[in-house]
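Enquirer:
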Amino acid sequence: MKPTIFPYKLYLVTDEALCLGRDFFWVVEEALKGGVDIVQIREKSLSLEDFVRKAEQLKAICEKYHVPLIINDSVEVAKIIDAEGLHVGQEDTNIMEAKTILGSGKTLGLSLENMGDLRKPFSEEAWYYGVSPIYATPTKMDTKSEWGLKGLAHLRKATDKPLVAIGRVKIENAASIISHGADCLAVVSGICSAPSPAHAAEAFRKKIEEGSNHQ
Ligand code: TZP
Ligand code: MG
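Numbering of the sequence shown is given in UniProt numbering, commencing with residue 1 and proceeding in unit increments.
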């Protein structure tokens, strides 16, 4: 398990379909220029070969900005490209198994859908938790109940691990999510579909700063 110091504040989770027809790598690079400090590649329909190719290309871009690339779900891809880490949900590869395959130096994230998930065996193995979803979102339709600010504040009291809020995180609600206990915001459409991903990332960074002053 890594130490609880989690240096990241703005987490871009990719979705090429939400990049409005613009080049996927351009969108991510703009977001990096704007201040995204951790990236997760999330692909649901690529073959292993295509996922690996895309992730390798993205890793090279992230490295230029000294930003880690995390793989969503696929332990194989994370292993093959020697990614900085892996993010898994409740229905994905068990985090203990992922750790055995990838080694203990990697960044492992686990989505929590409710308080019960925190108490499940092996949850402790995660370096950070995804608070999933903080709000219901059209980007991911299969989520169950949302945490909301009250749920987030409750979870904040129950664990010292870094909390990454995801789900309809927008410029408008960013500061309040931080002030209710999130350490980091994960954003998909708010950056991928923004007219300027760089400006959107900058605006999120400002709101995160604002929220941190009210914790
Ligand atoms: N997991 C929980 S909500 C979500 C994921 C991947 C999607 C968040 O997307 P958006 O567009 O930032 O609401
Ligand atoms: Mg998953």
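Ideal Cβ positions, reconstructed from N, Cα and C, are used throughout, including at glycine.
Keep in mind that this is a model prediction, so the values were computed, not measured.
On the criterion of 16 or more Cβ atoms from any shown chain inside 10 Å, does T14 qualify as buried, or is it exposed?
Expert: buried
Enquirer: When you measure from the CB of G89 to every non-hydrogen atom of ligand 2, does any distance come out below 7 angstroms?
Expert: yes
Enquirer: Thinking C-beta only, is A158 closer than 8 angstroms to M115?
Expert: yes
Enquirer: Compare the C-alpha of L149 against each of G109, P162, S179, L110 and name the closest.
Expert: S179
Enquirer: For the beta strand (DSSP E) that C184 lies in, which residues bound it at each end?
Expert: 184-187
Enquirer: Ignore the nearest five residues each way along the sequence and tell me which others in F25's own chain have a CB closer than 8 angstroms to its CB.
Expert: Q57, L58, I61
Enquirer: Can P133 and G167 be called in contact, C-beta distance under 8 angstroms?
Expert: yes
Enquirer: Span of the alpha helix (DSSP H) holding I208?
Expert: 197-212
Enquirer: Ligand 1 heavy atoms versus the CB of P133: any closer than 7 angstroms?
Expert: Answer for P133: yes, Cβ within range of ligand 1.
Enquirer: Measuring straight from C-alpha to C-alpha, what distance separates G211 and V36?
Expert: 17 angstroms
Enquirer: Buried or exposed: where does T100 fall if 16 or more other Cβ atoms within 10 Å of its Cβ makes it buried?
Expert: Here T100 is exposed. Its C-beta has fewer than 16 other C-beta atoms within 10 Å.
Enquirer: How big is the Cα-Cα spacing for Y129 and M141?
Expert: 20 angstroms
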